[in-house]
Amino acid sequence: MPKLNLAEIFLYPLVVAFIAVVIVDLPVHFFLTSPNETLGYFLAKFIFYYIYSLIFLAFYKLTFLSIAIGGVIISALWGLYYNVLPLVFGYTPYGISLGGIEFLGINNYFITGLLFGLTHTIGFIAGVYAIK
Numbered sequence: 036m037p038k039l040n041l042a043e044i045f046l047y048p049l050v051v052a053f054i055a056v057v058i059v060d061l062p063v064h065f066f067l068t069s070p071n072e073t074l075g076y077f078l079a080k081f082i083f084y085y086i087y088s089l090i091f092l093a094f095y096k097l098t099f100l101s102i103a104i105g106g107v108i109i110s111a112l113w114g115l116y117y118n119v120l121p122l123v124f125g126y127t128p129y130g131i132s133l134g135g136i137e138f139l140g141i142n143n144y145f146i147t148g149l150l151f152g153l154t155h156t157i158g159f160i161a162g163v164y165a166i167k
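Written out as structure tokens, the structure is:
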């Protein structure tokens, strides 16, 4: 990737977050989950993806492997914040955690978590390839 100017440094992560959350994640939740997530969930996730993408794009070479690993990492971090830590520490994240949501009619922590993880990883990969 060529040297970026200041506007691109802040714009590219915005594009990644927009594609990952608005273009990929929002429709998946709207059409494939029940009940749908809250607005707070999507806003928190957008900010999370923006900050992560800002760091990722600044420090990593954009090869398929690094992008895929980056997608798995952000998906795992989001899942940790959103599903694991609330179970351990008893707080409520912005939205509905895995225990209260179905993906394609499936309400199993492990399978639903994998399906959401795959969705979140694909969203990140799509977002990064959109700016590449």
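Sequence positions in the sequence shown follow the working numbering and run 36 to 167. The beta carbon of each residue, even a glycine, is placed where N, CA and C say it ideally should be. These numbers come from a predicted model, not from an experiment.
Rank 123, 118 and 125 by C-alpha distance to the C-alpha of residue 144 and give the top, closest one.
-> Looking at 123, 118 and 125, the one whose alpha-carbon comes closest to that of residue 144 is 118.
For residue 151, does the count of other Cβ atoms within 10 angstroms reach 16, so buried, or fall short, so exposed?
-> Classification for residue 151: buried.
Which whole-angstrom value describes the C-beta separation of residue 66 and residue 109, a residue pair presumed to lie in contact below a C-beta threshold of 8 angstroms?
-> 22 angstroms between Cβ atoms; not a contact.
Burial state of residue 88, where buried means 16 or more other Cβ atoms lie within 10 Å | Residue 88 is classed as buried because its beta carbon has at least 16 other beta carbons within 10 Å across all chains shown.
Taking buried to mean at least 16 other C-beta atoms within 10 Å of its own C-beta, is residue 90 buried or exposed?
-> Exposed, because fewer than 16 other Cβ atoms sit within 10 Å of the Cβ of residue 90.
So, are the CB atoms of residue 51 and residue 166 less than 8 angstroms apart?
-> Result yes, Cβ atoms of residue 51 and residue 166 sit closer than 8 angstroms.
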